[in-house]
Every structure is written in structure tokens, then in C-alpha cells.
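Asks: When we follow the working numbering, the leftmost residue of the sequence shown carries the number 15, and every step to the right adds one. The C-beta atom is built at its ideal place from N, Cα and C for all residues, glycine as well.
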Amino acid sequence: MSARNAVPLALLRPNEQGVIADIVGGTEANVRLLELGFTRGREVRVLKNDFGPLIVALNGQRIALGHGMAQKVLVRLSCPS
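1. Among the residues of its own chain, which have a CB less than 6 Å from the CB of L26, if the five just before and after it don't count?
2. Among T41, G55, Q75, which one has its Cα closest to the Cα of M83?
3. Under 8 Å by Cβ, that's how I've got V87 and F52 pegged, so tell me the actual separation to the nearest angstrom.
4. Does the beta-carbon of N63 have 16 or more other beta-carbons within 10 angstroms, so that it is buried, or is it exposed?
5. Any idea which residues DSSP pairs G32 with across the strands?
6. For L91, does the count of other Cβ atoms within 10 angstroms reach 16, so buried, or fall short, so exposed?
7. Can the beta-carbon of V45 be found less than 9 Å from the beta-carbon of V58?
8. How about R56 and L72: are their beta carbons less than 9 Å apart?
Here you go:
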């Protein structure tokens, strides 16, 4: 899946969702995001994005992610199901 037309996860508003297109950044950040389940092709939905960390739904779990890490996750927007 190409990162073309993808936006950083940090820019999504609550209840917006997308498919992970790519993970950008250094090795440590990539490893950490992979450990949390952020892999290409996975659906992710933003639950909270205001002050503090983003709260996202991924793989049936809620995950808190700092804005810096969320910038490294590129997603393609999808329609809510």
C-alpha cells in the first residue's frame, strides 16, 4: 500500500478513521509502533484528539499515542462503517 494521498494520524479528528499506509521515522519509533500493532493495512480510528495524547482504536484496543508518534503514522482516510 502506497503512502500516496496519506496524511499523518495526528491530523485526524475524533471518529475519523483510516487505513495505515506507512510508518515513517527512525528505527526505534518504527519498532515501538509495530509493537503496539500499527502495521500497514490496519484500520485505525481516532477516539480523542485534543490536549494530551491521541486515543485511537486499533485491533479492538484503545491506545494512547503522543502527537509526535502519531505524526509518523500515515493513513488514508476511509468512510466509517
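Replies: In short:
1. V60
2. T41
3. 6 Å
4. buried
5. V58, L91
6. exposed
7. no
8. yes
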